[in-house]
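2 protein chains.
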Amino acid sequence: MSLAQIRYFIAVAEEGHVGRAAHGLRVAQPAVSRQIKNLEDELGALLFVRTSRGMQLSSSGRVFLDHARGILQGVEHAALAVRASRSTS
Amino acid sequence: MSLAQIRYFIAVAEEGHVGRAAHGLRVAQPAVSRQIKNLEDELGALLFVRTSRGMQLSSSGRVFLDHARGILQGVEHAALAVRASRSTS
DNA sequence: TGAGGTTACGCCTATCGTAATAATG
DNA sequence: CATTATTACGATAGGCGTAACCTCA
Numbered sequence: 022m023s024l025a026q027i028r029y030f031i032a033v034a035e036e037g038h039v040g041r042a043a044h045g046l047r048v049a050q051p052a053v054s055r056q057i058k059n060l061e062d063e064l065g066a067l068l069f070v071r072t073s074r075g076m077q078l079s080s081s082g083r084v085f086l087d088h089a090r091g092i093l094q095g096v097e098h099a100a101l102a103v104r105a106s107r108s109t110s
Numbered sequence: 022m023s024l025a026q027i028r029y030f031i032a033v034a035e036e037g038h039v040g041r042a043a044h045g046l047r048v049a050q051p052a053v054s055r056q057i058k059n060l061e062d063e064l065g066a067l068l069f070v071r072t073s074r075g076m077q078l079s080s081s082g083r084v085f086l087d088h089a090r091g092i093l094q095g096v097e098h099a100a101l102a103v104r105a106s107r108s109t110s
C-alpha cells in the first residue's frame, strides 16, 4: 500500500470514474487503473463494482474510504506540525 | 513522503541507530540513511540530532513521531477492516 | 459503435546494495 | 582506530504514458 494508491482510490471513489479521477490527478488513466488493481490485490478485496458507466464503491470500498481519508489527513497534519515546530526548535 | 520513510523513521527513532534500525528492517544501512534525509528535506526540518554514537530525536522529530505512529496504525486498521469486511460483503 | 476500463510494452525515475568516504570520540 | 553515518555508483524494480484491446449497452 502506498500513499499514491490511497490518493488514487479516494479520487476514483469521489468521481465514480477512473478517467475523470485520472484527469483531476493529472495522470493518465492506466496509472490509476493499475494502482487501484494493485491495491485491491493487496487487500484481497474488490473495492469497486465495475459497471459499464464507471466505478461504484463496493461495501469493502466504503469501509476503506473512511480509513483512507484519515490516513491522508494524518500525513498532512504531520507535515504541518513539523513545519510549525521548526520555529520552536 | 512515503509509508516506507515513515517506517524507517520510527525504527530509527526507537533504536537510536541507523544501523540497528536497518538490520531490523532487513535493509542495508544507506537505504535508511538516505530516506531519513529525504524525509527531512521534504519536511524542511532535521528530525534527528546526529551524535557520534547514533541518532537522537530532535524536537521536530518528537513532534513527528506521534503523527507517524498514528499514520501507520491507520494503515494497519484500514487493511484489517477491509479484510474483515470481505466476509460481510 | 461509443464510452468506459484494462493489458501490453518500452522508458524512466527512484530505490536498493556494495564499496568507498567522512567524522568523532 | 573503532564505530557510526553519509556519499558514489552501478544495477534493478516499480510506476508512468502511449497504444492496443476488451466489454457492455
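Protein chains in written order, with our numbering: chain V, 22 to 110; chain G, 22 to 110. Glycine included, each C-beta is placed from N, C-alpha and C at the ideal position.
Closest to residue i by CA distance: which of the options is it?
{"i": "residue 88 of chain V", "options": "G:95, G:24 and G:41", "result": "G:95"}
{"i": "residue 73 of chain G", "options": "G:86, G:37 and G:107", "result": "G:37"}
{"i": "residue 26 of chain G", "options": "G:78, G:69, G:60 and G:86", "result": "G:60"}
{"i": "residue 100 of chain V", "options": "G:106, G:81, G:47 and G:98", "result": "G:81"}
{"i": "residue 98 of chain V", "options": "G:102, G:104 and G:84", "result": "G:84"}
{"i": "residue 58 of chain V", "options": "V:75, V:46, V:30 and V:91", "result": "V:30"}
{"i": "residue 103 of chain V", "options": "G:67, G:103 and G:46", "result": "G:67"}
If I'm right that residue i touches residue j with Cβ under 8 Å, what's the distance once you round it to whole angstroms?
{"i": "residue 52 of chain G", "j": "residue 42 of chain G", "result": "Their Cβ separation, rounded to whole angstroms, is 10 Å, which puts residue 52 of chain G and residue 42 of chain G out of contact at 8 Å."}
{"i": "residue 69 of chain G", "j": "residue 77 of chain G", "result": "6 Å"}
{"i": "residue 86 of chain G", "j": "residue 34 of chain G", "result": "5 Å"}
{"i": "residue 39 of chain V", "j": "residue 54 of chain V", "result": "5 Å"}
{"i": "residue 91 of chain G", "j": "residue 107 of chain V", "result": "The pair is not a contact, with the Cβ atoms about 20 Å apart (cut-off 8 Å)."}
Would you kindly report the start and end of the unbroken beta strand (DSSP E) that includes residue i?
{"i": "residue 71 of chain V", "result": "69-72"}
{"i": "residue 3 of chain G", "result": "No answer is possible for residue 3 of chain G: it lies beyond the span of chain G, which begins at 22 and ends at 110."}
{"i": "residue 75 of chain V", "result": "75-78"}
Classify residue i as buried or exposed, calling it buried when 16 or more other Cβ atoms lie within 10 Å of its own Cβ.
{"i": "residue 28 of chain G", "result": "buried"}
{"i": "residue 105 of chain V", "result": "exposed"}
Ends of the alpha helix (DSSP H) at residue i?
{"i": "residue 49 of chain G", "result": "Unbroken run through residue 49 of chain G: none, as it is neither H nor E."}
{"i": "residue 32 of chain V", "result": "24-36"}
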